[in-house]
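Following: one structure in structure tokens, then a few remarks.
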Amino acid sequence: MRHGCKVNHLSRTHAHRVAMLSNMATSLILHKRIETTQAKAKALRVYVEPLITRSKEDSTHNRRMVFSYLHSKEAVNELFREVSQKVAQRNGGYTRILKTGIRQGDNAEMCIMELVDYNENMLKEASAKKTRSTRRSRGKKSETAAEAPVAEAPAVETAAEEAPKAE
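By this note's numbering, the letter at position 25 of the sequence shown is numbered 26, and the numbering carries on one by one without gaps.
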């Protein structure tokens, strides 16, 4: 029985699973976005988010600890130089999983896993939402709507009055 075992083994041996998660984490850090199955993405999130948290403090010890997980100098340098600066203000939730549907061959649920601060489309939407003005009450909207037609109506009448005078 597997009472209390929280690890998703992904039908792999321990060594295979660790190597796969290390490779996927390296790809995610270098490319900022990967396409994978939902089960692997959920397992990868648990694997990579503590590494990103470690990267916020650039010390020799943290670099060596992250390198023991990733086994890639390029990924470690990218993580500590680029990614850590982008996520410095975040307290967690560095990754996002977007469901994309099912895979044709084996009906596996597929998704895209990405680093949150690197999706330009989502960042544009977030900035557009932040620039929105404050909400107004209904009374003020109806007053401004009532004033606008009144201001236009006399202008039309004045133009109509001026036309017969000119003739």
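Backbone N, C-alpha and C define an ideal beta-carbon position, used for all residues, glycine too.
Given a threshold of 16 other Cβ atoms within 10 Å of its Cβ, counted over all protein chains shown, does residue 84 qualify as buried or as exposed? buried
So, at 7 angstroms on beta carbons, what are the nonlocal neighbours of residue 104 in its own chain, with the 5 sequence-adjacent residues on each side left out? 111
Residue ranges of each alpha helix (DSSP H) within the region 5-75, 4 or longer: 15-32, 39-56 and 61-71
Nearest CA to the CA of residue 185: which residue from 118, 139, 126 and 61? The requested residue 185 does not occur in the structure, where the chain is confined to residues 2 to 168.
Straight-line gap, residue 129 to residue 137 (C-alpha atoms, nearest Å): 18 angstroms
Considering only DSSP beta bridges, list what residue 116 is partnered with. 96
Same chain, Cβ closer than 6 angstroms to residue 46, neighbours up to 5 away in sequence not counted: 96
Helix, strand or coil: how does DSSP classify residue 123 here? helix
Please check the pair residue 40 and residue 98, which I expect to be a contact at CB under 8 angstroms, by giving their CB distance rounded to whole angstroms. Actually they are not in contact, since the Cβ atoms of residue 40 and residue 98 sit about 11 angstroms apart, beyond 8 angstroms.
Using 9 angstroms as the threshold, is the C-beta distance between residue 114 and residue 35 below it? yes
Inter-residue Cα distance where the pair is residue 31 and residue 127: 24 angstroms
For residue 49 and residue 67, what's the separation of their Cα atoms in angstroms? 10 angstroms
Assumed close pair residue 52, residue 26 - CB separation to whole angstroms, cut-off 8 angstroms: 7 angstroms
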